[in-house]
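Accompanying notes for the structure given below.
Protein chains: 2
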Amino acid sequence: MAVKKYADLPSEVLEKGRQARTAAVALANCTAHIKNAALVLMAEALVANTNAIITANKKDIETGRANGMPEPLVDRLSLNEQRIADMAKGLREVAALPDPIGEIIEGWTRPNGLRIQKVRVPLGVVGIIYEARPNVTADAAGLCLKSGNAVILRGGKEALNSNRAIVAVMAAAAEKTGIPGGAIQLIENPSREVAAGMMRANGLIDVLIPRGGAGLIQSVIQNATVPVIETGVGNCHLYLDATADGKMATAICLNAKVQRPSVCNAIETLLVHEALGENYLVELLTELDHCGVEIRGCERTVKAFPKAKPATESDWEEEFLRLVLAVRVVNSLDDALAHIHRYSSQHSEAIVTRDPVAAERFTREIDAAAVYVNASTRFTDGFEFGFGAEIGISTQKLHARGPMGLRELTSIKYVIRGEGQVRA
Amino acid sequence: MAVKKYADLPSEVLEKGRQARTAAVALANCTAHIKNAALVLMAEALVANTNAIITANKKDIETGRANGMPEPLVDRLSLNEQRIADMAKGLREVAALPDPIGEIIEGWTRPNGLRIQKVRVPLGVVGIIYEARPNVTADAAGLCLKSGNAVILRGGKEALNSNRAIVAVMAAAAEKTGIPGGAIQLIENPSREVAAGMMRANGLIDVLIPRGGAGLIQSVIQNATVPVIETGVGNCHLYLDATADGKMATAICLNAKVQRPSVCNAIETLLVHEALGENYLVELLTELDHCGVEIRGCERTVKAFPKAKPATESDWEEEFLRLVLAVRVVNSLDDALAHIHRYSSQHSEAIVTRDPVAAERFTREIDAAAVYVNASTRFTDGFEFGFGAEIGISTQKLHARGPMGLRELTSIKYVIRGEGQVRA
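Chains as they are written, first to last, in numbering that gives the first Met the number 0: chain A, 0 to 423; chain B, 0 to 423.
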């Protein structure tokens, strides 16, 4: 219902939620011209205010270091001239993308003469809950604005000064072109209670997208009454079929494991058909070993490649996100499918094969956001798919699955035109 | 993650959830032939077992009456030969619909040669939580089966004997054609703990669809960690613009309020532009009064039609679901839009007008699942939209909005084919 009593919401969520709600009504009807002009101005303003943003960021870094923040996190938190220029570039790229809003997805006429159109509209108010990565602030604000959504950002408290500076600059720039004030909101109270309040702000927030580690995402799923899009976890498999081209298989395996092991579309388990032979297996594992990959293998793997550690049950379940690979020799495609059904997080799964029947079975039977034949799982990405942008990779089946671009930040409405039709 | 510890789930949810999960894998790959044959056999079996189902239903009715169940609820619970024949007819109609699964929604080739297809797949396991209406049991099972989903049904405990009989008949019939056992599951433990367990069975259930009154739906939204599709509440408005054709406006108003006042797509508030004049207003309200509609009006309405009661703030907020109508005279389209923005539940909203600019503004600015120009809100319905079926009407913006047919019971996956592509 539109009229709600929000007595139990923290005041900041209530206030900013209401402002965002009001802004969303106007923003839904902003033309692409206005939105694109805003994005370009926002990009220019970020660059023009580089020094102020870096000054704010330095405060965050100092506090972080004083509190013993590990260096990799300090690195993710840190901004410099180049990183701010990259944020601005991202906003300009979003400005150049087609506007998803107003698309007539389909239309038809009913026997009684009613004309029905299914039209793409914004979601309304999007809540983003994320960690101490200030680049997400600009990124998410840009994508939400382009898709006609007001956004409420709740970044990690360690980045609060940086986020304040970035949002202030962007919001001021956006308003100059006619974007309603309140379209870009930042939660400034760092308490968990305020984040929890966002999660149950039904009626004020239409959807929550958590971006970050598994802990953050699970916390949102467990506590939210607002609809959530789950993102992130990828326990991805590569299966080398009996007929795989060995050279292709090796290239794909190295790419999928080694090129960037810390991301969700990298593989964690390799399944190798026994028909490829022990020589091939040893050759492949040796190459992986040279790349610094630690192998945790099934019995047959360890026998063939004694440097491998024996894999435990938890190795098949774990998303390593580092240079560790679980390896199992399988007797058949059926065994590979069964293993994947059991352990997959339904993110990205790949087969290398020269057998079209095996390829068809794999693509039909594997239930995952992205299923690959003879290509690396690393392509599961909004840019690689050609969406021109990415707000995250959905690992649920409702609303969006796989890489989410601008279209995945939209909903639909039906517009029905008649000349006096009534229901019999 | 696919491998989960479900230690805190009630045993019935765990057991039936796992069976449904396993069945869903096989069901996703059943051909339309097999699914349609199953639906027809299920229909035949329902009719052939009419007596057994009615016997079971009588037990529920006796218990219900003994516990003081109100007669309208007893009527919704009651089955007879005709109602069972209607359930069977519904299953046959679903069999005749096109299979949504396997549709290639779109496809494109990337500059690196990767071919990407977006393919329609089932959601997986759908949970339906509903009230003591045994017809929903057959209806939901049929729609889920056709869309390739396993289903876990949790109906009102007052209908348990009826549901048991219906599910036993349907499941046995379905298995004869090759549908995997476990595809249609009924929760038999009537406790709230078991229903609550369904709501947090992430990993076993992909989506929950509550069907019933506002209390049931809110309870699911508040307690579920599994993604939910919110259905139901309709605080719908009809706005008669300054240029409205009076005769058309009256016909649409009577249809939208009187034809079936108890449903979510009936109107609850009428907004009348002052330019239509007091004579017209009195004429219209007199007709509504003759149909037994109680009018609760703004000051100007009460002045023109003294039989109307003065409307209170809560009258603009309430979904009456009965022959009560709130009426407000407005000065302009802007006033009408502002009223609807404030009170709408974003279900169905209508304008009657002869002014194309007013029609365009209304359809663009009103944010609702269905926005009508010169037609009754009563058309918001899967059958009236031409979907051939309906599992409910979504009032949220995520995944599905408005009437949900077979397509809204599906998800997508990306299938990517290459010849050895790796990411640079």
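Beta carbons are placed, not taken as given, at the ideal position from N, Cα and C, and that holds for glycine. Predicted model only: the values in this text are computed from it and were never measured.
Is A/ASN201 buried or exposed, if buried means 16 or more other CB atoms sit within 10 Å of its CB?
A/ASN201 is classed as buried because its beta carbon has at least 16 other beta carbons within 10 Å across all chains shown.
Rounded Cβ spacing between B/ILE103 and B/GLN116 (contact assumed at less than 8 Å)
Yes, B/ILE103 and B/GLN116 are in contact; Cβ-Cβ is about 5 Å, under 8 Å.
Inter-stretch contact at 8 Å, needing at least 3 Cβ pairs: the stretch 30-41 of chain B / the stretch 71-82 of chain B
No, the stretch 30-41 of chain B does not touch the stretch 71-82 of chain B.
Quick check: the stretch 362-375 of chain A against the stretch 12-29 of chain B, are there 3 or more CB pairs under 8 Å?
Result yes; three or more Cβ-Cβ pairs closer than 8 Å.
Neighbourhood of A/MET0 by C-beta, 8 Å cutoff - its chain only, sequence neighbours within 5 removed
With a pLDDT of 39 at A/MET0, under the threshold of 50, the modelled position of that residue is not reliable, and the figure given next carries that caveat. Same-chain partners within the cutoff: GLY202.
Starting from A/ASP205, find everything on chain B with Cβ-Cβ shorter than 9 Å and list it in chain order.
Here the neighbours are GLN395, LYS396, LEU397.
For a contact meaning CB atoms closer than 8 Å, what does A/ALA368 contact in chain B?
The answer, in chain order, is LYS412, TYR413.
Once DSSP output is grouped into helix, strand and coil, what is the label at A/LEU8?
Assigned with DSSP and collapsed to three states, A/LEU8 falls in coil, not helix or strand.
From the DSSP secondary-structure annotation, give me the bridge partner or partners of B/VAL329.
Answer by DSSP bridge pairing, in chain order: B/HIS272.
Proximity to B/GLN420 [Cα-Cα], best of B/THR249, B/THR108, B/GLN18
Looking at the Cα atoms, B/THR108 is the closest of the given residues.
A/SER261 at chain B interface by Cβ criterion, 8 Å
Not closer than 8 Å to any Cβ of chain B, the Cβ of A/SER261 fails to qualify, so no.
Return the CA-CA distance between A/LYS412 and A/GLN345, expressed in angstroms with no decimal places.
Going by the C-alpha atoms only, they are around 30 Å apart.
Would you say A/ARG321 lies against chain D (beta-carbon separation less than 8 Å)?
Here chain D cannot be found, since the structure's protein chains are A and B.
Pick from A/ALA47, A/GLY180, A/ALA399 that is closest to A/ALA149, judged by C-alpha positions
Scanning A/ALA47, A/GLY180, A/ALA399 for the CA closest to the CA of A/ALA149 turns up A/GLY180.
For A/VAL135 versus A/VAL206, is the C-beta spacing smaller than 8 Å?
The Cβ atoms of A/VAL135 and A/VAL206 lie no closer than 8 Å to each other.
Would a check of beta-carbon distances place B/GLU14 closer than 8 Å to chain A?
It does not: the Cβ of B/GLU14 has no partner Cβ on chain A nearer than 8 Å.
Coarse secondary structure for B/GLY291, derived from DSSP in three states
B/GLY291: coil per DSSP, three-state reduction.
Look at the alpha carbon of B/VAL2 and the alpha carbon of A/SER313, and state the distance between them as a whole number of angstroms.
Annotation note: pLDDT 42 at B/VAL2 (below 50); position unreliable, coordinate value reported separately. Cα-Cα distance, rounded: 10 Å.
Beta-carbon gap between A/PRO209 and A/VAL227 smaller than 8 Å
Yes, they are a contact pair.
The alpha helix (DSSP H) with A/ARG406 in it runs from where to where?
Per DSSP, A/ARG406 belongs to no alpha helix (DSSP H) and is neither H nor E.
A/GLY63: first and last residue of the uninterrupted alpha helix (DSSP H) it sits in
Residues 49-65.
Just how far apart, CA to CA, sit B/GLY63 and B/TYR129?
So the two alpha carbons sit approximately 17 Å from each other.
Comparing the C-beta of A/GLY123 with each C-beta of chain B, is any distance below 8 Å?
Interface residue, yes.
Here's a check: name, in chain order, each residue in its chain whose Cβ is nearer than 7 Å to the Cβ of A/ALA423, leaving out the five neighbours to either side.
There are no such residues.
Could you check how far apart the C-beta atoms of B/PRO402 and B/THR376 are, in whole angstroms? I think they sit under 8 Å.
Between the beta-carbon of B/PRO402 and that of B/THR376 there is about 12 Å, and that puts the pair past the 8 Å contact cut.
Under 8 Å by Cβ, that's how I've got B/ARG326 and B/LEU269 pegged, so tell me the actual separation to the nearest angstrom.
Here residue 326 of chain B is Val; the residue named in the question, Arg, does not match the sequence. Right, the Cβ-Cβ distance comes to about 5 Å (below 8 Å), so this counts as a contact.
Element boundaries [beta strand (DSSP E), containing B/THR108]
Counting along the chain, the beta strand (DSSP E) containing B/THR108 begins and ends at 103-108.
A/SER347 beta carbon less than 8 Å from that of A/ASN278
Not a contact, by the Cβ cut-off of 8 Å.
Between the Cα of A/ASN50 and those of A/ILE83, A/THR21, A/ASN66, A/GLY67, spot the shortest distance and give me the residue it belongs to.
Comparing Cα-Cα distances from A/ASN50 to each of A/ILE83, A/THR21, A/ASN66, A/GLY67, the minimum goes to A/ILE83.
Using the three-state DSSP reduction, which class does B/ILE178 fall into: helix, strand or coil?
Coil, per DSSP.
With 16 other CB atoms within 10 Å as the buried threshold, where does B/VAL356 fall?
Exposed: under 16 other Cβ atoms inside 10 Å.
Just to check, is the beta-carbon of A/TRP107 closer than 7 Å to a non-hydrogen atom of the ligand GDP?
The ligand GDP is absent from the structure shown, which contains no ligands of any kind.
What does B/ALA358 pair with, by DSSP beta-bridge criteria?
Partner residues in a beta bridge of B/ALA358, as assigned by DSSP, do not exist.
Roughly how many angstroms lie between the CA atoms of B/TYR238 and B/ALA335, to the nearest whole one?
Distance between the alpha carbons of B/TYR238 and B/ALA335 is about 7 Å.
For the stretch 133-157 of chain A, which segments carrying the beta strand (DSSP E) assignment without a break, of at least 3 residues, lie completely within its bounds, in sequence order?
Runs of the beta strand (DSSP E) spanning 3 or more residues and lying entirely within the stretch 133-157 of chain A occur at 149-153, in chain order.
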